[in-house]
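Report on the following structure.
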Amino acid sequence: MWLDVSVVTEGGRKKNLFFLETDEQGIVMKVYQAVMLTLEIVTLYIKMVLTWFHAMYLLVVPPEPKSVNGEIILITGTGHGMGRETAMRFAKLGGVIVCVDINQKTNQETVDLIKEQKGKAYRFECDVTDSEAVKALAEKIRREVGDVTMLVNNAGIMPCKPLLQHGEGEIRAAFNVNVMAHLWLIQAFLPSMMERNHGHIVAMSSMAGVLGLRNLVPYCATKFAVRGLMEALHEELREDTRDFSGIKFTVICPYIVDTGLCKNPKIKFPSMMKILTPEEASDCIVDAVRRNYYEISIPTSLLYVNTFCRLLPRSVSSHLKDFLDSGLEAQ
């Protein structure tokens with residue numbers, strides 16, 4: 001068997017060299033390749049098994065919560081609900097809170113509450129759906145506060161009615177607030193995190209971003225998009241030739257939280273799937289971030305239940321969904 005090998009000479013010319021490859025050499029090469037592939041597969045198997053056991057261990061013995069003291073934490077949608085409660089909790093832990101909301105009055109109320117508790121907080125108003133406004137915001141925060149080390153994309157809207165009753169403007173608004181704003185803010189604040197190899201990005205998805213729910217078609221689409229965005233961004237940094245292991249990601253998937261967005265909730269088993277208060281949800285959010293969890297649901301069991309149901313035929317899992325009979329009625 002002839003082996004054709006191309007080389008480039010000093011003069012820059014390409015030259016073909018021909019070697020005679022014996023049958024014995026070909027067999028040896030194939031055996032070598034088979035052995036190397038086998039070793040790679042065995043190594044992969046060992047890594048996967050060890051990682052699996054480590055993950056099971058962490059379910060029983062959670063990682064110690066990290067300190068957020070001194071971290072500059074930007075949270076959107078701090079004017080009310082989970083945004084306000086999360087800001088207050090991070091402030092109690094020593095974080096420097098950058099409160100961003102489009103409503104000046106309610107945003108100032110959050111800052112005042114934090115300062116009453118001797119916390120540090122700054123107020124900024126911004127339409128986070130406007131990419132140019134977000135760029136200007138980022139520059140202003142760098143000048144007046146410093147580089148943001150934790151970004152919590154919390155702001156969101158939730159129109160609740162059948163798809164055919166949604167207008168174009170309403171659908172576009174949902175995607176602008178729930179998805180596009182995430183992209184603009186990440187583009188604005190991720191570079192400084194990459195320079196330091198230190199940071200944390202938190203995205204507010206939803207259980208509506210894990211399973212489809214009626215009356216929430218555009219909303220579900222936006223929340224599914226947020227999960228995809230975060231997963232792709234995580235992989236982009238993980239596979240980069242530079243080391244970005246110091247940048248963490250957390251995706252939050254609440255079920256129903258009483259923030260005022262859910263006007264007509266329907267819960268068949270309140271003891272199992274109760275409506276949470278913003279305070280309860282925020283406790284879970286802060287804990288998940290401090291433990292560097294990648295993804296959690298609130299309540300935590302729902303993500304595991306959904307994962308199990310995904311293994312079943314669709315018609316089978318639909319029976320369970322019909323039995324639980326929970327969701328939102330049209331507003």
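If you're matching positions, the sequence shown starts at 1 in my numbering and goes up one per residue.
Where a beta carbon is used, it is the ideal one built from N, C-alpha and C, also for glycine.
On a predicted model such as this, the values are computed, not experimentally measured, just so you know.
Checklist entry - How big is the Cα-Cα spacing for L74 and N107? => result Rounded to whole angstroms, L74 to N107 spans 13 Å at the Cα level.
Next on the checklist: Which same chain residues end up closer than 6 Å to L276 when comparing Cβ atoms and leaving out the 5 residues on each side of it in sequence?
Outcome noted: Taken in chain order, the residues that qualify are V257.
Checklist entry - Is the stretch 67–82 in contact with the stretch 90–98, if contact means three or more CB pairs nearer than 8 Å? => result Cβ pair count under 8 Å is three or more, so yes.
Item to check | Unbroken stretches of the alpha helix (DSSP H), 4 residues or longer, contained in the stretch 182–231 | outcome: Within the stretch 182–231, no run of alpha helix (DSSP H) at least 4 residues long lies entirely inside it.
Checklist entry - Taking the DSSP output, what are the residues bridged to R123? => result In the DSSP assignment, R123 forms a beta bridge with C99.
Item to check | Residue range of the beta strand (DSSP E) that includes T250 | outcome: Element bounds for T250: I247 to P254.
Checklist entry - Any idea what DSSP makes of E239, helix, strand or coil? => result In this structure, E239 counts as coil in the three-state DSSP scheme.
Checklist entry - Do G228 and N154 have their C-beta atoms within less than 8 Å of each other? => result A distance of 8 Å or more separates the beta carbons of G228 and N154.
Checklist entry - Do the CB positions of I285 and T149 come within less than 8 Å of each other? => result Not a contact, by the Cβ cut-off of 8 Å.
Checklist entry - What three-state label does DSSP hand S131 in the structure shown? => result Here S131 sits in helix by DSSP.
Checklist entry - Around the Cβ of N292, are there at least 16 other Cβ atoms within 10 angstroms (buried) or fewer (exposed)? => result That one is exposed.
Next on the checklist: My assumption, with CB atoms under 8 Å, is that G246 sits in contact with N197. Please give the rounded CB distance.
Outcome noted: About 4 Å separates the two Cβ atoms, so the contact holds.
Item to check | Beta-carbon proximity of G179 to I157, cut-off 8 Å | outcome: Looking at the sequence shown, residue 179 is not Gly but Val. The answer is no: Cβ separation not under 8 Å.
Checklist entry - Does the Cβ of R89 have 16 or more other Cβ atoms within 10 Å, making it buried, or fewer, making it exposed? => result A buried status is given to R89, since no fewer than 16 other beta-carbon atoms sit within 10 Å of its beta-carbon.
Checklist entry - Buried or exposed: T241, going by 16 or more other Cβ atoms within 10 Å of its Cβ? => result Exposed, by the Cβ-count rule.
Checklist entry - When DSSP builds the beta bridges, which residues end up paired with V152? => result Under DSSP, V152 shares a beta bridge with I75 and V202.
Checklist entry - For L311, does the three-state DSSP call read helix, strand or coil? => result Looking at L311 - three-state DSSP - the assignment turns out to be coil, as it is neither helix nor strand.
Checklist entry - Does the separation of the CB atoms of Y122 and V152 fall below 8 Å? => result Going by C-beta atoms, Y122 is not nearer than 8 Å to V152.
Checklist entry - Roughly how far, in whole angstroms, is the beta-carbon of T259 from the beta-carbon of H80, given that I think they are within contact range, below 8 Å? => result Contact flag correct, Cβ pair sits at about 7 Å.
Checklist entry - What first and last residue would you give for the beta strand (DSSP E) that runs through I114? => result Not the beta strand (DSSP E): I114 falls in the alpha helix (DSSP H), residues Q104 to E116.
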